[in-house]
Amino acid sequence: MVTEMKYKIALVPGDGIGPEITGAAVEALKAVADRFGCEFEFNTYLAGGCALDEYGVPLPQETIDGCLASDSVLLGAVGGPKWDDVPNNMRPEKALLGLRKELGLYTNLRPASIQPALAEACVLRPDIAAKGFDLMIVRELTGGIYFGERGRNEAGDAAYDTEAYSVMEIERVARRAFETARKRKSHVTSVDKANVLETSRLWRETVHRLGASEYPDVRLDDMYVDNAAMQIIRDPSFFDVLVTSNMFGDILSDEASQVTGSIGLLASASLGDSSRGLYEPIHGSAPDIAGKDIANPIAAILSAAMMLRYSFDLAKEADAIEKAVANVLADGLRTADIKAPGQEDWIKGSEMKAAILEKLRKN
Ligand code: IPM
Ligand code: MN
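Under numbering that gives the first Met the number 0, the sequence shown has 136 at position 137, and the numbering climbs by one with no breaks.
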């Protein structure tokens, strides 16, 4: 059978460990291409601190255009202490926020689960960890307080940021959450602060109206964000899909990822209305370990798998990557970030990558 599958991928390695881990993900994608007969074309663009150094802005137009002309975007991480003192509108983080907005990526999927082989890394009490968990945070990504009006008074001694949401913005991310839940355990928990915030009351009303009219088969409940933060530690097995605003999702997803004990393994997808998505590890640019071959490439490699699954509909190719990762972990291979306390025989990032590639080629 002759298949013609060619996908154009924009690579945005960014700063710190970004280039090394996206490099590993590219090799994994090439191994997939060899094995399954699909074709990937890679084009690299700068964003973040490196773009600031090179072009004088964190998000050059060339990068936006390159991403828009691609089928999907694979990003490493942006930021670092080198750019801590640049003006606010030049911060490397602006590149990430700008890309999300420019590409219309209003939904962020952040899965967090206990990998069976890594149960001992989980920071929860053993009886809670033993129950296991597998949750998906669906975070609104282009609205809310991140993009609302902000400012200071003339004297500079008072400031404000605005949380604003429209029904349209809530509906489109909630729809994604319901659809995601249907492919999982059909349970959505909508997280808000409706006991205080008007935007949260609109959020709750809208999610329920949509749920009742279009997704009556999906179980829907609500939780205040403070309680959700507590339940993620107390009983994460309660959750399947959580859907929440930009800022609440930012906070809860860091919490959930850390609870797994292996933030170096977690991938994320940012999606909009088209099939073009932006895929990135949850961890940051970790400038302190950049260039030392310590960084765990797994989160970036799993981000590439998410790209295959969500943007290209290449499920068996994505499965192959995920299986290769699960297998190296089951073999006991550990990078520094996921080693057991006192474990001495941990391996370097490049060795982890090589082990995954080998599984990927053989399986
Ligand atoms: C994330 C990051 C970003 C965010 C920062 C770097 C702007 O924390 O992707 O979660 O807050 O969205
Ligand atoms: Mn964050």
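Every residue, glycine too, gets a C-beta built ideally from N, C-alpha and C.
beta-carbon residue i near ligand 2 non-hydrogen atom, thresh 7 Å
i, result
"Asp249", "yes"
"Asp253", "yes"
Near ligand 1: residue i beta-carbon under 7 Å from a heavy atom
i, result
"Glu92", "yes"
"Leu96", "yes"
Rounded separation between residue i and residue j - CA only
i, j, result
"Val1", "Ser310", "Here Val1 scores only 45 on pLDDT, less than 50, and its place in the model should not be relied on; the value that follows carries that caveat. If you take the alpha carbons of Val1 and Ser310, they lie about 21 Å apart."
"Gly17", "Gly75", "4 Å"
"Ala325", "Lys358", "10 Å"
"Val190", "Ser212", "20 Å"
"Glu279", "Arg109", "10 Å"
"Ile245", "Val187", "In the sequence under discussion, the amino acid at residue 245 is Asn, which differs from the Ile named in the question. Roughly 17 Å separates the two Cα atoms."
"Ala157", "Ile297", "43 Å"
"Val166", "Ala294", "41 Å"
"Lys121", "Arg333", "According to the sequence displayed, residue 121 carries Cys and not Lys. Rounded to the nearest angstrom, the two C-alpha atoms are 14 Å apart."
"Asp148", "Leu117", "This sequence places Glu at residue 148; Asp is not what is there. Their Cα atoms are separated by approximately 43 Å."
"Lys130", "Asn42", "43 Å"
"Arg446", "Asp220", "Examination of residue 446 is not possible in this model, given that the chain is present from 0 through 362 alone."
"Phe146", "Leu140", "9 Å"
"Ala128", "Val56", "44 Å"
"Pro235", "Phe132", "6 Å"
"Tyr6", "Ala94", "24 Å"
"Val72", "Lys322", "23 Å"
"Gly283", "Asn194", "33 Å"
"Ser112", "Leu264", "10 Å"
"Ser302", "Arg308", "10 Å"
"Lys29", "Thr62", "23 Å"
"Phe39", "Asp312", "14 Å"
"Tyr159", "Leu209", "32 Å"
"Asp287", "Val217", "44 Å"
"Ile300", "Ala24", "4 Å"
"Glu343", "Leu328", "16 Å"
"Gly36", "Pro86", "47 Å"
"Arg34", "Gly348", "23 Å"
"Trp345", "Ile337", "9 Å"
"Leu98", "Leu58", "8 Å"
"Gly13", "Pro215", "42 Å"
"Val31", "Ala163", "42 Å"
One or two residues paired with residue i in a DSSP bridge
i, result
"Asn42", "Ala9"
"Pro235", "Per DSSP, none; premise fails for Pro235."
"Ser189", "Asp221, Val242"
"Leu261", "Note on residue identity: the sequence assigns Ser, not Leu, to residue 261. Answer is none; Ser261 lacks a bridge partner."
"Thr106", "Glu139, Leu270"
"Ala158", "Arg151"
"Val72", "Ala9, Leu277"
"Leu96", "Paired residue(s): none; Leu96 is not in a bridge."
"Ile337", "Beta-bridge pairing links Ile337 to no other residue."
"Leu134", "Ala111"
"Ile346", "Thr334"
- prompt: How about the region 161-177 and the region 273-289: do they share at least three Cβ pairs that are nearer than 8 Å?
  reply: no
Segment contact, 8 Å Cβ cut-off, at least three pairs: the region 68-82 with the region 246-259: no
- prompt: Within the chosen definition, does the region 231-241 reach the region 120-140 through at least 3 CB pairs nearer than 8 Å?
  reply: yes
- request: Would you check if the region 301-316 and the region 343-357 touch, i.e. whether three or more CB-CB distances between them fall below 8 Å?
  value: no
- request: Tell me, please, whether the region 263-270 touches the region 96-112 by the rule of three or more beta-carbon pairs shorter than 8 Å.
  value: yes
- request: Could you tell me whether the region 12-32 touches the region 45-64, where touching means 3 or more Cβ pairs closer than 8 Å?
  value: yes
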